[in-house]
Amino acid sequence: MADNQKLKLALYWAASCGGCEIAIVELREKILVIDQIADIVFWPVAVDAKYKDVEAMPDQHIDVCLFNGAIRTSENEHMAHLLRKKAKILVAFGSCAHEGCIP
1364 MADNQKLKLA LYWAASCGGC EIAIVELREK ILVIDQIADI VFWPVAVDAK
1414 YKDVEAMPDQ HIDVCLFNGA IRTSENEHMA HLLRKKAKIL VAFGSCAHEG
1464 CIP
């Protein structure tokens, strides 16, 4: 797949147990398949990117953002609003984001 046709993927970790990040890492070499179909444009746990990089992106630049973790701080809230603006699709990924669970 050509780079200009790849999905733009973002992942964000708010107040969470870390289980979602572990689940992704546990994919091991299968995670490399993602590189064939998507560019990871923001994932603070694994990719060197800053909030200012996301702020500079045009609105809806990100195709899919997986947002895990509960919103407990003003920083978490800011990132939820920012990523919703920058992503075409924002997914509450995992039980912490979906139900507010552990944190």
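My numbering puts the first residue of the sequence shown at 1364, with every later residue one more than the last. Note that CB positions come from ideal geometry on N, CA and C, so glycine has one too.
Asked	Found
Contacts around E1401, its chain only, beta-carbon distance under 6 Å, and the 5 residues preceding and following it disregarded	The sequence shown places Ala at residue 1401, not Glu. Same-chain partners within the cutoff: K1369, L1370 and L1372.
For N1431 and A1386, the rounded distance between their alpha carbons	12 Å
Where V1410 falls: helix, strand or coil (DSSP)	coil
Stretch pair the region 1391-1401 + the region 1451-1461: three plus CB contacts closer than 8 Å	no
N1367, buried or exposed, once every other Cβ within 10 Å from all chains shown has been counted against 16	exposed
Counted within 10 angstroms of its Cβ, other Cβ atoms place Y1414 as buried (16 or more) or exposed	exposed
D1422 versus S1458: straight-line alpha-carbon distance, rounded	27 Å
Span of the alpha helix (DSSP H) around I1403	Run containing I1403: none in the alpha helix (DSSP H); it sits in the beta strand (DSSP E), A1401 to F1405.
Sub-8 Å separation of E1418 and L1390 beta-carbons	no
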